[in-house]
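Below is one structure; the comments refer to it alone.
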Amino acid sequence: MILFIVIGIITFIVIIILFLWFFGFLNVEFNGCFSVNNSELEIKVKLWFITLLKLRVPEMDFNMIPFKASMEAELPISDEEIKIEQNDFGKWFHQLEDSFNLIRNFLKEKESFLKVFKLKRLSWVTTVGGGEAHITAVLSGMIWAVKSNILRMISQWFVLKEQPKLHVNPLFQASYAETRVSCMISFRMGQAIIAGYRFAKYWKRRQQTSCQNIQYKA
């Protein structure tokens, strides 16, 4: 009798695992607001419509030095300071773009791993102002360039369920920066586990190859 009960429990557990493996969809939702004065991020993990995890990270350290410097300045900004500030913005956005290009090149040959993830929603709204009209125009163009590159990479990596919504709102008479991001990623548990396992094997093999190359050069 006990043996049949144990077999029944094991069978039930196996059925549940197989059901979740093939039909269990996880939805991960990200809602973030990053600004000069306050930044926070909220993450929700749902199995179908059941919330499994809700994490809120308030007061994130997302420091945009050029914007803070402009807002906290009490004296009028000279033309030289404006030029330096504009260069700082350019360096910041170019570094961000270079980082995404590095990630894109690294995952190019393994982008099939990410095809199991479906991007169900993406909204990215950025409000920016450099205090002067020409600075704001340059910043808006840089932000659009960065967003376009990121969107191109996302469309290559993920399956898009709807068209992403990207906006840039310029403030020509103020020094301010704020970006709001809201997205939802959906994936089947079994496919995600397999993709993660394959990617872990690839990463381990890559690390071993790098170590061997270093030892060979030494």
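Under the working numbering, the first residue of the sequence shown is numbered 178, with each subsequent residue one higher.
Positions of the beta carbon are idealized from the N, C-alpha and C atoms, including for glycine.
Helix, strand or coil at residue i [DSSP, three-state]
i	result
M361	strand
A354	strand
K223	strand
K338	coil
K381	helix
Delimiting residues of the alpha helix (DSSP H) encompassing residue i
i	result
C324	Note that residue 324 corresponds to Lys in the displayed sequence, not to Cys. Per DSSP, K324 belongs to the alpha helix (DSSP H) from 310 to 334.
W301	That residue, W301, is in no alpha helix (DSSP H); its beta strand (DSSP E) goes 294 to 307.
L180	179 to 200
Continuous beta strand (DSSP E) stretch holding residue i: start and end
i	result
K342	342 to 347
Whole-Å CB distance - residue i paired with residue j, under 8 Å assumed
i	j	result
V148	L296	Lying outside 178 to 395, the shown extent of the chain, residue 148 is not represented and no answer is given.
S317	P347	5 Å
S300	S212	Their Cβ separation, rounded to whole angstroms, is 16 Å, which puts S300 and S212 out of contact at 8 Å.
V293	R375	The Cβ separation is near 10 Å, so there is no contact.
V302	I320	V302 to I320, Cβ: 11 Å. No contact.
Are the region 304 to 313 and the region 350 to 366 touching, with three or more C-beta to C-beta distances below 8 Å? yes
Inspect the CB distances between the region 354 to 371 and the region 203 to 222 and report whether three or more fall short of 8 Å. yes
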